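Presented below is the structure to which this report refers.
Number of protein chains: 2
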Amino acid sequence: MPLVVVGSVAIDHVQTPTDRRDNLLGGSATHFSYAASFFTSVRLVGVVGDDWPAEHTAMLDARGIDTSGLHQVAGGKTFTWTGRYHDNMNDRDTLDVQLNVFGEFDPVLPEAYRRAKYVFLANGVPAVQMKVLSQVPGRRLAVADTMDLWINIAREDLDKLLTQLDGLVLNDSEAKLIAQTENLVTAGHRVKEMGPKFVIIKKGEHGAMFFSDHETYVLPAFPTPRVIDPTGAGDSFAGGMMGYLSEQDNFEPETLKTALAYGILVASFNVEGFGLERLQEITREDIEDRMAEYRKMLSF
Amino acid sequence: MPLVVVGSVAIDHVQTPTDRRDNLLGGSATHFSYAASFFTSVRLVGVVGDDWPAEHTAMLDARGIDTSGLHQVAGGKTFTWTGRYHDNMNDRDTLDVQLNVFGEFDPVLPEAYRRAKYVFLANGVPAVQMKVLSQVPGRRLAVADTMDLWINIAREDLDKLLTQLDGLVLNDSEAKLIAQTENLVTAGHRVKEMGPKFVIIKKGEHGAMFFSDHETYVLPAFPTPRVIDPTGAGDSFAGGMMGYLSEQDNFEPETLKTALAYGILVASFNVEGFGLERLQEITREDIEDRMAEYRKMLSF
Numbered sequence: 001m002p003l004v005v006v007g008s009v010a011i012d013h014v015q016t017p018t019d020r021r022d023n024l025l026g027g028s029a030t031h032f033s034y035a036a037s038f039f040t041s042v043r044l045v046g047v048v049g050d051d052w053p054a055e056h057t058a059m060l061d062a063r064g065i066d067t068s069g070l071h072q073v074a075g076g077k078t079f080t081w082t083g084r085y086h087d088n089m090n091d092r093d094t095l096d097v098q099l100n101v102f103g104e105f106d107p108v109l110p111e112a113y114r115r116a117k118y119v120f121l122a123n124g125v126p127a128v129q130m131k132v133l134s135q136v137p138g139r140r141l142a143v144a145d146t147m148d149l150w151i152n153i154a155r156e157d158l159d160k161l162l163t164q165l166d167g168l169v170l171n172d173s174e175a176k177l178i179a180q181t182e183n184l185v186t187a188g189h190r191v192k193e194m195g196p197k198f199v200i201i202k203k204g205e206h207g208a209m210f211f212s213d214h215e216t217y218v219l220p221a222f223p224t225p226r227v228i229d230p231t232g233a234g235d236s237f238a239g240g241m242m243g244y245l246s247e248q249d250n251f252e253p254e255t256l257k258t259a260l261a262y263g264i265l266v267a268s269f270n271v272e273g274f275g276l277e278r279l280q281e282i283t284r285e286d287i288e289d290r291m292a293e294y295r296k297m298l299s300f
Numbered sequence: 001m002p003l004v005v006v007g008s009v010a011i012d013h014v015q016t017p018t019d020r021r022d023n024l025l026g027g028s029a030t031h032f033s034y035a036a037s038f039f040t041s042v043r044l045v046g047v048v049g050d051d052w053p054a055e056h057t058a059m060l061d062a063r064g065i066d067t068s069g070l071h072q073v074a075g076g077k078t079f080t081w082t083g084r085y086h087d088n089m090n091d092r093d094t095l096d097v098q099l100n101v102f103g104e105f106d107p108v109l110p111e112a113y114r115r116a117k118y119v120f121l122a123n124g125v126p127a128v129q130m131k132v133l134s135q136v137p138g139r140r141l142a143v144a145d146t147m148d149l150w151i152n153i154a155r156e157d158l159d160k161l162l163t164q165l166d167g168l169v170l171n172d173s174e175a176k177l178i179a180q181t182e183n184l185v186t187a188g189h190r191v192k193e194m195g196p197k198f199v200i201i202k203k204g205e206h207g208a209m210f211f212s213d214h215e216t217y218v219l220p221a222f223p224t225p226r227v228i229d230p231t232g233a234g235d236s237f238a239g240g241m242m243g244y245l246s247e248q249d250n251f252e253p254e255t256l257k258t259a260l261a262y263g264i265l266v267a268s269f270n271v272e273g274f275g276l277e278r279l280q281e282i283t284r285e286d287i288e289d290r291m292a293e294y295r296k297m298l299s300f
């Protein structure tokens, strides 16, 4: 089943305690799409400027990612993000953000995308996320990401969005902020009460938690010692998860848990290189090998 | 197989964001012993003053914990700790510590204890921990806990101790400190290189990691929403783990992983009440029920 993702496409400049890379292909929709493309065909919706290197689009096309929804604005510049990671590789400072054409992103889905059954709304303005949902009325599963900014400045829209979602993915600090509690288990349940049928809290190096009416569980991260660049880990997590659900074309509780595990594993590869470098080196077979290790790790 | 534990026995005063309790039965050896007593017979070595309430000893005796190694110092006062937890229930401030008789703790094991096969050295002065080891020459498994204080002020002794241990248990910040790295996977391996055959890093609400020559794995914490008082969680984790190993009387890799899971589950009960309150309410059957849930949570 094709999977539609709407989100940012960006040029990243990343500094870590020991290294740096400029002009990386970045953005939430990009990391999501690449991660999901191990499992299913992806239809990308995003916006770039005329400074956008054509080889990036060619690379995505070669992965079977449909880029007909990637809008290029003549005379515009692509969203850029510059960040520096702390020694712990978890905290980071944003040194510079240039929203450029992404600042006026008004996603219009190509006709072929509108019949999609699986939709992921990467982090973005909640009102825009809702506008996307209205373009895919026949969807079976809509999942969104969000961030502290929208919790703080667009809470009303976000609350409305939550009632229209099947699933919400957010990180631990965002969950604590929106639910006003320091206990993540309580936070997960509270966010679920706000509308979505399930909530996934991403805990970075500590894995992810899942909450639905009947289930609460936690899966740990895969313990990789090679943490090179965490940028896009959360988006590649969501991409692996949604990609697997689209491939299986169901979201029964058992499938959802397996999907969460795939998301965790794809994210564990994502952090092993700058930008998409590591994901570009691996195959589905590498993911399956790590899945076998992961299942073994969790059985006793 | 009987299990010997040497460590602190204390009176705790605990404040949380919403509640407080005074004069709780606390201390590392106490939490450890109670947790381990669900699985095996425990022999406790500790020291208290003549202010020590006899009913505490009676309660431990009633659990089948051998307190003949609990030395009472005439004219002395029992170790007391007063602490306040932050809103996140993870960080805490120590408001007051009175080491009292524990400051001159010089553990001498009763004759019957010296033939023990399973030994746990709760957090303490590394030189004293080594002195205990020398009293149980026929041991089969010796595991110790430590803390940042000894890493900072008694590193030479600690390094010597590490070469005499089968296992070391420490928390995430201590592992980062001793191994001088922010990456926990790297930290675990580095600490193992310092001597112990296996290393366990406790991550509090995020579970625990295990490192041996042939294995690296992570198990998540059990997601309890009822976090009332985390005091003693790490000691009850170690108690559950060592108790199970002593009960099984082996420490094969498979048994060790199951033991780690039992430790995680006993700790998840420990935090659900002040001091030992919650552990005193439950039975082995409650632990087994939670184990069934936990295994289900980790399978997909």
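Residue numbers (our numbering), protein chains in the order written: chain A, 1 to 300; chain B, 1 to 300.
Beta carbons are placed, not taken as given, at the ideal position from N, Cα and C, and that holds for glycine.
Nothing here was measured: the structure is a model prediction, and the numbers come from that model.
Start and end residues, alpha helix (DSSP H) containing K160 of chain B: In the second sequence, counting from the first residue as 1, residue 160 of chain B sits at position 160. Element bounds for K160 of chain B: 155–162.
Candidates A:S41, A:Q98, A:T94, A:S37: closest to V48 of chain A by CA position: Taking the first sequence and counting its residues from 1, one reaches residue 48 of chain A at position 48. Ranking the options by Cα distance to V48 of chain A, first place goes to A:Q98.
Inter-stretch contact (C-beta, 8 Å, three-pair minimum) for the segment 190–205 of chain A and the segment 169–182 of chain A: yes
Within chain A, the residues that V185 of chain B reaches when beta carbons sit closer than 8 Å: Stepping through the second sequence from its first residue, residue 185 of chain B is reached at position 185. Within chain A, the residues near V185 of chain B are P223, T224, P225.
Inside the segment 116–188 of chain A only - alpha helix (DSSP H) runs reaching at least 4 residues: For secondary structure counted as the alpha helix (DSSP H) over 4 or more consecutive residues, the segment 116–188 of chain A holds these complete runs in sequence order: 126–133, 148–153, 155–162, 172–179.
Anticipated Cβ contact below 8 Å, M241 of chain A with G263 of chain A, distance rounded: Within the first sequence, residue 241 of chain A is the residue found at index 241, counting from 1. Within the first sequence, residue 263 of chain A is the residue found at index 263, counting from 1. 3 Å between Cβ atoms; contact.
Nearest to V108 of chain A (by Cα), restricted to the options A:L177, A:Y34, A:N88, A:Q135: The sequence position of residue 108 of chain A within the first sequence is 108, counting from 1. The residue with the shortest Cα to Cα distance from V108 of chain A is A:Q135.
Inter-stretch contact (C-beta, 8 Å, three-pair minimum) for the segment 284–294 of chain A and the segment 16–26 of chain A: no
Residues of the segment 26–44 of chain B whose Cβ lies closer than 7 Å to any Cβ of chain A, in chain order: none
Cβ shell of R63 of chain B (< 7 Å), same chain only, five flanking positions each side left out: Within the second sequence, residue 63 of chain B is the residue found at index 63, counting from 1. The residues are Y34, S37.
Nearest to N88 of chain A (by Cα), restricted to the options B:S246, B:D172, B:K257, B:I200: Position 88 of the first sequence, counting from 1, holds the residue named residue 88 of chain A. Ranking B:S246, B:D172, B:K257, B:I200 by Cα distance to N88 of chain A puts B:D172 first.
Residue from A:S246, A:P2, A:G232, A:K257 whose Cα sits closest to the Cα of S212 of chain A: Sequence index remark: in the first sequence, residue 212 of chain A carries index 212 (1-based). Residue A:K257 is the option with its Cα nearest to S212 of chain A.
Rounded straight-line distance, which links the Cα of F32 of chain A to that of A238 of chain A: The residue you call residue 238 of chain A lines up with position 238 of the first sequence. The residue you call residue 32 of chain A lines up with position 32 of the first sequence. The straight-line gap from Cα to Cα measures roughly 6 Å.
Inter-residue spacing [alpha-carbon to alpha-carbon] between W150 of chain A and D159 of chain A: Within the first sequence, numbered from 1, the residue matching residue 150 of chain A stands at position 150. Within the first sequence, numbered from 1, the residue matching residue 159 of chain A stands at position 159. Distance between the alpha carbons of W150 of chain A and D159 of chain A: 10 Å.
Under 7 Å by beta carbon: chain A residues contacting K192 of chain B: Residue mapping note: residue 192 of chain B aligns to position 192 of the second sequence, counting from 1. Per Cβ cutoff of 7 Å: no residues; K192 of chain B is ~13 Å from chain A at best.
Euclidean distance between Cα positions of T186 of chain A and P225 of chain B: Mapped onto the first sequence, residue 186 of chain A falls at position 186. Mapped onto the second sequence, residue 225 of chain B falls at position 225. Looking at the two C-alpha atoms, the distance is approximately 6 Å.
Endpoints, beta strand (DSSP E) assigned at N100 of chain B: On the second sequence, residue 100 of chain B is found 100 positions in, with the first residue counted as 1. Segment: none, N100 of chain B is in no beta strand (DSSP E) and carries neither H nor E.
Host alpha helix (DSSP H) of M291 of chain A (start-end): Against the first sequence, residue 291 of chain A aligns to sequence position 291. If you look at M291 of chain A, you'll find it in the alpha helix (DSSP H) that goes 284–297.
Close beta carbons around D19 of chain A, own chain, < 8 Å, minus the five adjacent residues each side: Position 19 of the first sequence, counted from the first residue, corresponds to residue 19 of chain A. Counting only Cβ-Cβ distances below 8 Å, and skipping sequence neighbours, we find I228, F274.
Backbone CA spacing between W52 of chain A and N250 of chain A [nearest angstrom]: As a first step, residue 52 of chain A is located in the first sequence; it is residue number 52 there, counting from the start. As a first step, residue 250 of chain A is located in the first sequence; it is residue number 250 there, counting from the start. Near 36 Å, if we compare the C-alpha coordinates of N250 of chain A and W52 of chain A.
For H13 of chain B: DSSP bridge partner residues: By 1-based counting over the second sequence, the position of residue 13 of chain B is 13. H13 of chain B pairs with B:T82.
Span of the alpha helix (DSSP H) around D61 of chain B: Position 61 of the second sequence, counting from 1, holds the residue named residue 61 of chain B. Residues 54–62.
Integer-rounded CB distance, given that G69 of chain A should sit under 8 Å from P110 of chain A: Taking the first sequence and counting its residues from 1, one reaches residue 110 of chain A at position 110. Taking the first sequence and counting its residues from 1, one reaches residue 69 of chain A at position 69. Sure, about 5 Å apart at Cβ, within 8 Å.
Spatial neighbours of G76 of chain B in its chain, beta-carbon cut-off 7 Å, leaving aside the 5 residues before and after: The count along the second sequence starts at 1 and reaches residue 76 of chain B at position 76. Once the five neighbours on either side are set aside, the close Cβ partners of G76 of chain B are G49, D50, N100, V101.
Between the CA atoms of D12 of chain A and F269 of chain B - distance to the nearest angstrom: Residue 269 of chain B sits at position 269 when you count from the first residue of the second sequence. Residue 12 of chain A sits at position 12 when you count from the first residue of the first sequence. Straight through space, the alpha carbons of D12 of chain A and F269 of chain B are spaced by roughly 45 Å.
Within 7 Å of chain A by C-beta, residues of the segment 255–270 of chain B in sequence order: K257, T258, A261
Interface residues of the segment 74–103 of chain B facing chain A [CB-CB below 7 Å]: D87, N88, M89
Neighbour flag for P110 of chain B against chain A, beta carbons, 8 Å: As a working mapping, residue 110 of chain B is identified with position 110 in the second sequence. No, P110 of chain B does not count as interfacial toward chain A.
Distance CB(L170 of chain A)-CB(M130 of chain A) smaller than 8 Å: Along the first sequence, read from residue 1 onward, the residue named residue 170 of chain A stands at position 170. Along the first sequence, read from residue 1 onward, the residue named residue 130 of chain A stands at position 130. Against a cut-off of 8 Å, the Cβ pair of M130 of chain A and L170 of chain A comes out as no contact.
Whole-angstrom distance between V42 of chain A and D66 of chain A, CA atom to CA atom: Stepping through the first sequence from its first residue, residue 66 of chain A is reached at position 66. Stepping through the first sequence from its first residue, residue 42 of chain A is reached at position 42. Going by the C-alpha atoms only, they are around 6 Å apart.
Listed by chain order, chain A residues near E182 of chain B by CB distance under 7 Å: Translated into positions along the second sequence, residue 182 of chain B becomes position 182. Under the 7 Å cutoff, chain A gives D87, N88, M89.
Cross-strand partners of F198 of chain A (DSSP beta bridge): Within the first sequence, the letter at position 198 stands for residue 198 of chain A. Answer is A:G167, bridged to F198 of chain A.
Distance, P253 of chain A Cα to P220 of chain B Cα: Your numbering for residue 220 of chain B matches position 220 in the second sequence. Your numbering for residue 253 of chain A matches position 253 in the first sequence. About 20 Å.
Proximity to E272 of chain B [Cα-Cα], best of B:F222, B:A261, B:L245, B:L298: In the second sequence, counting from the first residue as 1, residue 272 of chain B sits at position 272. If you compare the alpha carbons of B:F222, B:A261, B:L245, B:L298 with that of E272 of chain B, the shortest gap goes to B:F222.
Within 8 Å, strictly: CB atoms of V6 of chain B and V143 of chain B: In the second sequence, counting from the first residue as 1, residue 6 of chain B sits at position 6. In the second sequence, counting from the first residue as 1, residue 143 of chain B sits at position 143. Their beta carbons are not under 8 Å apart, which means V6 of chain B does not touch V143 of chain B by this criterion.
Contact list for the segment 122–133 of chain A against chain B, Cβ threshold 9 Å: For the segment 122–133 of chain A, which is checked against every Cβ of chain B, not one residue is closer than 9 Å.
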